[in-house]
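In what follows, a structure is listed as structure tokens, so that the remarks can point back to it.
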Ligand SMILES: Cc1cc2nc3c(=O)[nH]c(=O)nc-3n(C[C@H](O)[C@H](O)[C@H](O)COP(=O)(O)OP(=O)(O)OC[C@H]3O[C@@H](n4cnc5c(N)ncnc54)[C@H](O)[C@@H]3O)c2cc1C
Ligand code: SF4
Ligand code: SF4
Ligand code: SF4
């Protein structure tokens, strides 16, 4: 329980209306999008300006209160599940786009600005902010930076970290630290902005972000290639890259996902196909024509049964609708949807697909797989019912097996969803204890009271 | 107060529906209440979590959960866009019924529901008395929109610019109707709905004029009862059953092909909620029959009578608001626009920012007037931004809210029902 005096202090900082302590309110901040156990904070605060954001951090540190910053709470790794009895600080009121600079191609935003709204404002000025996570309609830019979110365009355009030019953040003392800047090149001091990327709220609280913008491509072309065999599809992916073509997007769907999507939308998808690739090339019109033709022939050389090139925006939209439907369609099959993001080197996708197949059989589970084939980032999606305890134990074992397999193939625990609580126990398998100890030492100096999102990434710290 | 264990076991029945929510949070992009407050308890995901919390006995205060649950317009936008296909409005309606059963309604509200709503004659008499007295308490606010506001400090009216009760309701202008089908060979049963009847009789008259024009016979029995949504959304299922039964009996007295209404909420309620929530299972066939035959009036005109848009040289722009219950629940968006353009005089202007709830949500407007007000004012601004001189929609409840909001924001833009504008051109 939080003491009345502290509650009053918080009220003084953020205003009475922005402090929540009722049981129902606390309960509503006990979860995020990850399938993990809930824990409740003692208090939830919603600062409306950066001064009060800084003061909240300071007050927490002075009183040893564990602080979890929360954007949209859409992360899939438990990053915003608070420390029991801690403080949740919402950024939903800090949602302004402060500047879109068309001359120097950058934007300055508050951390709570919603990704898609920001991207639309940028687009209205004839520019592009490429990172487009599937959650962009609600996710916040602060959350994107803290998770280093990726998206459909990551193959060619990179992920959030490739667009972070600067981060202004509060340290635990509530001091505002500036890092990075508005110039294309900036190597002043340590790369603190880089340190903040993927820090999942454990190293500082973002106050302001400077993000890079780019000119949008002049033309694009989407296509859908159907394969009789997963191996053929994977070989096509490798061949496209080997031919020095970098599509903007190169997405994969397995047979189970194709069938589920077809069931859901009845859009005439090839239900017999073992796999489908959804590809978009973009850039200069002439090059787009060229690349599209090459991709088409590479797919055919790799035994594609058919390649459908979208002729207009409506057809292009139909291609992307199929991809957008993947999660909704799978999510309707069973009550609980566990979306993983184990990532392997691209050449290992066939091996990973085989492994997933083996794991699904071994643990007697339904797994649909789709994802970003172009960057080796697959989303094996386990469909289950958490209430079925026996099955749930098998799900947990299968998740362990998936990560083990990904690491054995030279891959990584997370392509884009972060480590949070969900995967901290696997961390040493990927980087070893050295990296963990180094990180812990760093954190213990920057955050001596261990108030910033404790337990995330590095697991429970020994005092 | 009943036993909390009982409450928990009743909530457990919602379990299957509740577990479908994967907590992805995508509803944050949809919910108009969340857009205003940014609070998890105000978005679908949060409310579903509260219900789960209550059923799992992590939360122990049903009153508190109920209060949060009421902060919802039942607009269905989240449901129409939920990736998991969670039956949100179904869950909320059932939960409200369970919680109301447990907590009980405030006595005055219960009295209104039990005594008044279920007795159309009594309600009509009382309201016509009210209509003749209301001039004493109100003054005109905007003469173009036709709104009034309170003369004295009246808590329920607050600073609302409301449409007055019509001096003569539809049922007193036209107590009943029973005309044979003409050339069309069709006969419709006509359910105007309370707001049309009491506040916008001209909408009802427009429907009658249109049916006459297209030679469609009309069966409009007297003493129609409310469609029941106010009772259902407050959890008063007995009252709801009573109202549905009254209407079933009434409409069974005539022969007709379709049941038409000019009220998006009524159409959605009869189509979706009557078959789902009507308690008398013996009567399932009658309810299903009515639910299958009910149609929004524009839908009837466009889909059945094939009334098509007419090309016009320079049509006047009309800002069209999609009522949530047409757009989300029934997926009807094209037909009202078609009917708007059918007279060859008007064309629908789209609102910047796309469709969104007007913030009325029935009793939401009364319980959470401030929130309703901010949501509604945004709507008013987006209507004004189209530059149109007229606003139109397909739901009298939306008309009330939008009139209030436009009037208060100082935009003298009259609000019409789509059928009024069409009838005008006949
Ligand atoms: C349906 C769905 C699709 C998704 N698709 C993708 C995808 O394609 N690619 C992808 O990468 N991810 C995806 N995600 C995961 C998730 O949306 C991203 O991780 C996103 O970046 C989280 O943003 P958020 O605003 O919800 O952050 P939150 O979940 O609120 O927070 C995430 C982390 O950021 C920290 N944080 C938030 N704000 C601040 C701040 N101001 N200062 C410091 N730390 C902060 C939090 O403490 C937490 O650790 C998806 C999730 C869902 C539910
Ligand atoms: S969009 Fe649907 S599944 Fe996702 S959190 Fe909201 S209600 Fe739950
Ligand atoms: S029905 Fe409307 S108001 Fe209610 S939770 Fe859904 S979107 Fe929000
Ligand atoms: S939906 Fe509203 S307007 Fe229509 S009959 Fe029912 S209460 Fe009256």
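Residue numbers (my numbering), protein chains in the order written: chain Z, 1 to 463; chain S, 1001 to 1426. Ideal Cβ placement from N, Cα and C applies to all residues, glycine included.
If you draw a straight line from the alpha carbon of residue i to that of residue j, how long is it in whole angstroms?
i              : j              : result
residue 76/Z   : residue 187/Z  : 33 Å
residue 1329/S : residue 238/Z  : 45 Å
residue 74/Z   : residue 1028/S : 10 Å
residue 157/Z  : residue 1071/S : 41 Å
residue 264/Z  : residue 333/Z  : 10 Å
residue 1345/S : residue 1210/S : 16 Å
residue 380/Z  : residue 327/Z  : 11 Å
residue 1276/S : residue 1092/S : 13 Å
residue 1333/S : residue 1327/S : 6 Å
residue 203/Z  : residue 447/Z  : 7 Å
residue 460/Z  : residue 343/Z  : 25 Å
residue 399/Z  : residue 406/Z  : 11 Å
residue 173/Z  : residue 199/Z  : 18 Å
residue 1165/S : residue 22/Z   : 41 Å
residue 1349/S : residue 396/Z  : 53 Å
residue 233/Z  : residue 1089/S : 42 Å
residue 1169/S : residue 1400/S : 16 Å
residue 166/Z  : residue 1415/S : 49 Å
residue 1198/S : residue 1245/S : 22 Å
residue 24/Z   : residue 88/Z   : 14 Å
residue 49/Z   : residue 20/Z   : 17 Å
residue 267/Z  : residue 323/Z  : 12 Å
residue 443/Z  : residue 64/Z   : 15 Å
residue 434/Z  : residue 192/Z  : 21 Å
residue 388/Z  : residue 306/Z  : 41 Å
residue 27/Z   : residue 1017/S : 19 Å
Grouping DSSP H, G and I as helix and E and B as strand, with all else coil, what is residue i?
i              : result
residue 377/Z  : strand
residue 254/Z  : strand
residue 1238/S : helix
residue 1394/S : coil
residue 30/Z   : coil
residue 384/Z  : strand
residue 160/Z  : helix
residue 1010/S : helix
residue 339/Z  : strand
residue 324/Z  : helix
residue 1378/S : helix
residue 1330/S : coil
residue 1424/S : helix
What is the residue span of the beta strand (DSSP E) that residue i lies within?
i              : result
residue 8/Z    : Where residue 8/Z is concerned, there is no enclosing beta strand (DSSP E), although the alpha helix (DSSP H) it sits in stretches over 4–14.
residue 220/Z  : 219–227
residue 279/Z  : 275–283
residue 98/Z   : 97–101
residue 369/Z  : 366–372
residue 1220/S : 1217–1220
residue 1318/S : 1316–1321
residue 87/Z   : 87–90
residue 106/Z  : 106–109
residue 43/Z   : 43–45
residue 1261/S : 1258–1261
With residue i as the anchor, note down where its alpha helix (DSSP H) starts and where it stops.
i             : result
residue 393/Z : 389–408
Between the stretch 264–273 of chain Z and the stretch 178–193 of chain Z, can you find at least three pairs of beta-carbon atoms closer than 8 Å? no
The stretch 1212–1220 of chain S contacting the stretch 1183–1190 of chain S, beta-carbon criterion three pairs below 8 Å: yes
Quick one: any contact between the stretch 1358–1368 of chain S and the stretch 1282–1290 of chain S, if contact means 3 or more CB pairs under 8 Å? no
Taking contact to mean at least 3 C-beta pairs separated by less than 8 Å, is the stretch 27–45 of chain Z in contact with the stretch 1047–1067 of chain S? yes
Please determine if the stretch 118–130 of chain Z and the stretch 302–316 of chain Z are in contact, where contact requires at least 3 C-beta pairs separated by less than 8 Å. no
Contact the stretch 129–140 of chain Z vs the stretch 356–365 of chain Z: 3+ CB pairs below 8 Å: no
Can you find at least 3 beta carbon pairs, one from the stretch 1075–1091 of chain S and one from the stretch 1014–1031 of chain S, that sit closer than 8 Å? yes
Three or more C-beta pairs below 8 Å linking the stretch 419–433 of chain Z and the stretch 383–390 of chain Z: no
Is it a yes or a no for the stretch 1226–1235 of chain S touching the stretch 1177–1187 of chain S, going by three-plus beta-carbon pairs under 8 Å? no
The stretch 235–253 of chain Z contacting the stretch 369–379 of chain Z, beta-carbon criterion three pairs below 8 Å: yes
Meets three-Cβ-pair contact criterion under 8 Å: the stretch 1388–1403 of chain S and the stretch 1251–1267 of chain S: yes
Using 8 Å as the cut-off, can you tell me whether the stretch 273–287 of chain Z makes contact with the stretch 210–226 of chain Z, which would need three or more C-beta pairs spanning the two stretches below that distance? yes
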